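The sequence shown maps to residues 1 to 206 in my numbering.
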Amino acid sequence: MATFNPRSRPSHPAGTATIALYRISQAIGHLLRARGEAAQLSPAQIHGLLFLRFARPGVRTIGGLAQRLSATYATASGVADALERKELVKRSPHPTDARTVTLDLTGKGEREAEGLDNLLDDVGSAITALPEADQAALVRATQAIVRRLQEAGHVQVYEMCWGCQLFRRDAHPDDPRGPHHCAFVDAPLPEPNTYLECPDFVPANN
Ligand code: SF4
1 MATFNPRSRP
11 SHPAGTATIA
21 LYRISQAIGH
31 LLRARGEAAQ
41 LSPAQIHGLL
51 FLRFARPGVR
61 TIGGLAQRLS
71 ATYATASGVA
81 DALERKELVK
91 RSPHPTDART
101 VTLDLTGKGE
111 REAEGLDNLL
121 DDVGSAITAL
131 PEADQAALVR
141 ATQAIVRRLQ
151 EAGHVQVYEM
161 CWGCQLFRRD
171 AHPDDPRGPH
181 HCAFVDAPLP
191 EPNTYLECPD
201 FVPANN
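Laid out in structure tokens, this is it:
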């Protein structure tokens with residue numbers, strides 16, 4: 001159905017759309033490389049900074065980074081080493097597990113990561129230029145595609161607690177550790193952490 005052969009595309013909407021998505025992924029790769037060259041960061045290091053800026057605290061480890069990069073532990077460790085040499089990341093012992101190292105952005109790393117906020121603006125502008133009905137259809141379609149690819153194990157979706165099946169809002173409002181609860185880690189959630197990304201997110205409407 002989807003093929004790289006240009007002669008087969010016109011008669012197959014799925015094939016045409018797949019190639020368009022492929023080109024968008026190439027464009028995003030180009031944006032990452034261009035920003036990386038300007039900031040002297042590799043694409044993996046950029047992904048690492050974004051991960052450490054937005055991931056929930058418990059997964060900010062080498063293993064968590066490896067999962068996010070779809071890379072080996074050794075590769076993720078190399079990315080962390082490079083970011084540490086640039087004074088963008090610091091390692092510290094995990095508070096409850098002596099065998100695990102926690103990764104955190106330094107002040108310099110926070111500023112570098114914040115500077116990446118506009119990285120995908122050209123993609124966003126191209127979408128904003130579409131009629132509103134097309135934008136809404138695009139959101140529905142791409143979300144459905146991502147859901148299928150997630151189920152097939154091709155992508156891991158990191159999302160916030162507020163749309164997660166395992167989120168228990170105001171489960172214990174007087175608990176000083178946090179008013180909400182995560183049923184996955186069976187622990188309280190302070191409000192700020194509910195706005196971070198989590199690899200264990202399960203869509204609420206599943
Ligand atoms: S599993 Fe769900 S509720 Fe728990 S931290 Fe992750 S996103 Fe939040």
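Even for Gly, the Cβ is constructed at its ideal location relative to N, Cα and C. Every value quoted in this text rests on a predicted model; they were computed, and no experiment measured them.
Under the three-state DSSP convention, the category residue i falls into
i    : result
K90  : strand
H181 : strand
L189 : strand
T102 : strand
R60  : coil
P199 : coil
Residue i: first and last residue of the uninterrupted alpha helix (DSSP H) it sits in
i    : result
P43  : 43-54
V123 : 121-128
D134 : 132-151
R169 : Unbroken run through R169: none, as it is neither H nor E.
L21  : 13-39
S77  : 73-85
R7   : No alpha helix (DSSP H) contains R7, which DSSP labels as neither H nor E.
E114 : 107-114
Test item: CB-CB of residue i and residue j under 8 Å
i    : j    : result
L50  : L116 : yes
V89  : T106 : yes
C182 : F167 : yes
L83  : G58  : no
Close Cβ partners of residue i (< 8 Å) along its chain, the five nearest in sequence each way excluded
i   : result
A44 : L69, A71, T75, V79
Cβ distance (whole Å) where residue i is taken to contact residue j below 8 Å
i    : j    : result
D175 : P192 : Rounded, the Cβ-Cβ distance is 15 Å, inconsistent with contact.
Nonlocal neighbours in the same chain, by C-beta distance under 7 Å from residue i, ignoring five residues either side
i   : result
L21 : none
Cutoff 6 Å; reference residue i; Cβ partners in own chain excluding five residues on either side
i   : result
S11 : none
Any non-hydrogen atom of the ligand ATP within 7 Å of residue i CB
i   : result
R56 : As presented, the structure is devoid of the ligand ATP, carrying the ligand SF4 as its sole ligands.
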